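Scroll down for the structure; my scribbles are underneath it.
Numbering (mature numbering (1 follows the signal peptide of the UniProt record, and there is no 0)), first residue to last: -21 to -1, 1 to 143.
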């Protein structure tokens, strides 16, 4: 148990050390910078470098950090843009679906209205023929079946519209 705690502690310290030391390449050499110290291959070379070299190395690190930050920000912006585009497409799809539903409802209402007008017209024609005595018993039966069928279709259409 003690070994595990020791191993975890050592691992954390190693990670902190690696994270706090930042690498930068300058004139073909890879330097590590920890606070104000500059290391080359694990050796402190801060005092061996001129002030202008130290400044140049630190500036290179600042530029590297700024570039990495800009890249992260650009990736975040691209991700947000993709999410926005995805949301826009989803909204457009929803809008189209709603428009399609409205058109479908309008079409069903128009069909119902036409069926009602046809029933009214056929009922009037049936009544007129019946009053004039021009219907045989078979014709009258056909007319009544026809009118019943139209009424059933109207009821189905109304029920369908209520469900929409």
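C-beta: ideal position from N, C-alpha, C; glycine also.
Keep in mind it's a predicted model, so treat the numbers as computed, not measured.
Residue 12 and residue 40 do touch by the CB rule: their CB atoms are close to 6 Å apart, below 8 Å.
In this structure residue 80 is not in contact with residue 136, their Cβ atoms being roughly 17 Å apart against a cut-off of 8 Å. Residue 3 sits buried, since 16 or more C-beta atoms from the chains shown fall within 10 Å of its C-beta. For residue 28, the closest C-alpha among the options 61, 85 and 5 is that of 5.
In the three-state scheme derived from DSSP, where H, G and I count as helix and E and B as strand, residue 1 is classed as strand.
Put simply, the stretch 125 to 142 does not touch the stretch 108 to 115. Fewer than three CB pairs are less than 8 Å apart. For residue 19, the enclosing beta strand (DSSP E) begins and ends at 16 to 19. The way I'd put it, the stretch 119 to 129 does touch the stretch 98 to 106; three or more beta-carbon pairs between them come closer than 8 Å. About 11 Å separates the CB atoms of residue 1 and residue 17; that is not less than 8 Å, and the two are not in contact. Burial of residue 36 is indicated by the presence of at least 16 other C-beta atoms within 10 angstroms of its C-beta.
The continuous beta strand (DSSP E) containing residue 11 extends over residues 8 to 13. Distance from the CA of residue 64 to the CA of residue 44, rounded to the nearest whole angstrom, comes to 30 Å. Assigned with DSSP and collapsed to three states, residue 24 falls in coil, not helix or strand.
Nearest C-alpha to residue 107 among 94, 93, 122 and 117: 122.
Excluding residues up to 5 positions away in sequence, 19 lie with their Cβ nearer than 8 Å to the Cβ of residue 8 in the same chain.
The residues 17 and 18, in chain order, have a CB closer than 7 Å to that of residue 24 in the same chain once the five nearest residues on each side in sequence are set aside.
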